[in-house]
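Note sheet for the following structure.
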Amino acid sequence: MQREPFKKRWFILDSQDRKLLYFKDPLEAVEKGSVFIGNKEHGYKVTNVLPKGVRGSRWKCGITVETPERQFIFTCENEREQREWMEALNQVISKPMSPQDYTTGSFVLQWKPTSDEGDDIGGAAADISEELDLELCCPGGP
Numbered sequence: 004m005q006r007e008p009f010k011k012r013w014f015i016l017d018s019q020d021r022k023l024l025y026f027k028d029p030l031e032a033v034e035k036g037s038v039f040i041g042n043k044e045h046g047y048k049v050t051n052v053l054p055k056g057v058r059g060s061r062w063k064c065g066i067t068v069e070t071p072e073r074q075f076i077f078t079c080e081n082e083r084e085q086r087e088w089m090e091a092l093n094q095v096i097s098k099p100m101s102p103q104d105y106t107t108g109s110f111v112l113q114w115k116p117t118s119d120e121g122d123d124i125g126g127a128a129a130d131i132s133e134e135l136d137l138e139l140c141c142p143g144g145p
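Residue numbers (the numbering used here): 4 to 145.
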């Protein structure tokens, strides 16, 4: 169920680095945040529908980007824009990930050992993105 109203944002898809950058204002030089776009084999998916329970959007041309951590819901002003974004996002999601992709986005793991684990990284939770406040738990972890 949608918790917050839609906020207008401007997006740039950096297909080389597999990132969807978003800006609060179209003239901003620095992005407000980014979403890593992995591939299908890692649980990433894009659909051209808005999930049930989404309300308050004056545009009906929706896109849902699913990541292993959460869903991102976008609306476009018209069907042409929706189609163009779907094609671009699907190209990235269909493309195999390079070894470098595993060192960026949600695959970067910064270990936070508990006090009794010392420097042992086994079982620690990993930060994915401070900006999006997402966490990924590793096998055997909390």
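Note that the Cβ used here is the ideal one computed from N, Cα and C, for glycine as well.
Could you check which residue in the options has the C-alpha nearest to that of residue i?
i	options	result
E84	R73, N51, Y47, K98	N51
P99	L16, R21, K10, F9	R21
N93	K11, V57, R12, L16	L16
Expressed to the nearest angstrom, what Euclidean distance is found between the alpha-carbon atoms of residue i and residue j?
i	j	result
P29	T70	25 Å
S97	L24	19 Å
S101	F75	24 Å
P54	V95	22 Å
K63	F9	12 Å
One question on the structure: do residue i and residue j come within less than 9 Å of each other, judged by their Cβ atoms?
i	j	result
D104	G65	no
Is it buried or exposed for residue i, if we count other Cβ within 10 angstroms and need 16 for buried?
i	result
F39	buried
S37	buried
F146	In the structure displayed, the chain extends from 4 to 145; residue 146 sits before or after that span and is not available.
V33	exposed
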